[in-house]
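Only one structure is covered here, and it is reproduced in the block below.
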Amino acid sequence: MISPETPAARRSSLFADRVVSIMVITTLFLFTIIVGLVIYLVIDVAGVAGGNRTNAVNACRLANGNRTEDVRIINEILNLPAIAKPQFITPAMRAAQDAALAKVHADVKTAYALRDCQAEYG
C-alpha cells in the first residue's frame, strides 16, 4: 500500500527539488562563464603574441637601419687621411697598416651585417 504524503512532506520534497534545480542552473551558469573567460584569454594571448612578433620584426628593421648608418660612420672614420694615409711611414709599416685596416673593415662588415628580420622573427 502506498502511503499518502503529508502536506509537510510534499512541501519538503518540492523544496529539495527546487534547491537541486537552482544548484544545477547555477553550476551550468558558472561553467558557461568560466568557459567564456578561457576562450577570451586564449584569443587575447594569441593576439598579443602576434603583436609581439610584429613589434620584434619592426624593431629588427629599425636596428638594420642603425647598423647601416653605423657602418657608414665607422668607414668614414677609418678612411680619414690621418688613419688611412698617414705621413712619414715606411713601405713595410704601410703594408702592415693596410692589412690591419682591411681586417678592421672586414670585422665591421661582419659585426654589422644586416639581419633577415622576417626569417628571424616571422
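Be aware that the sequence shown starts at 49, since it is given in my numbering, and climbs by one per residue. Even for Gly, the Cβ is constructed at its ideal location relative to N, Cα and C.
- The beta carbon of residue 157 sits closer than 8 Å to the beta carbons of 119 from its chain, once the five residues preceding and following it are set aside; these are given in chain order.
- Residue 59 and residue 81 have their C-alpha atoms roughly 33 Å apart.
- Between the alpha carbons of residue 134 and residue 160 lies a distance of about 26 Å.
- The beta-carbon separation of residue 126 and residue 93, rounded to 48 Å, does not stay under the 8 Å limit for a contact.
- For residue 169, the enclosing alpha helix (DSSP H) starts and ends at 165-169.
- By the Cβ test, the segment 67-85 is not in contact with the segment 136-143, since fewer than three Cβ pairs between them sit closer than 8 Å.
- CA-to-CA, the gap between residue 116 and residue 99 works out to about 26 Å.
- Cβ-Cβ distances below 7 Å link residue 163 to 108 and 112 in the same chain, with the five nearest sequence neighbours on each side left out; the list follows chain order.
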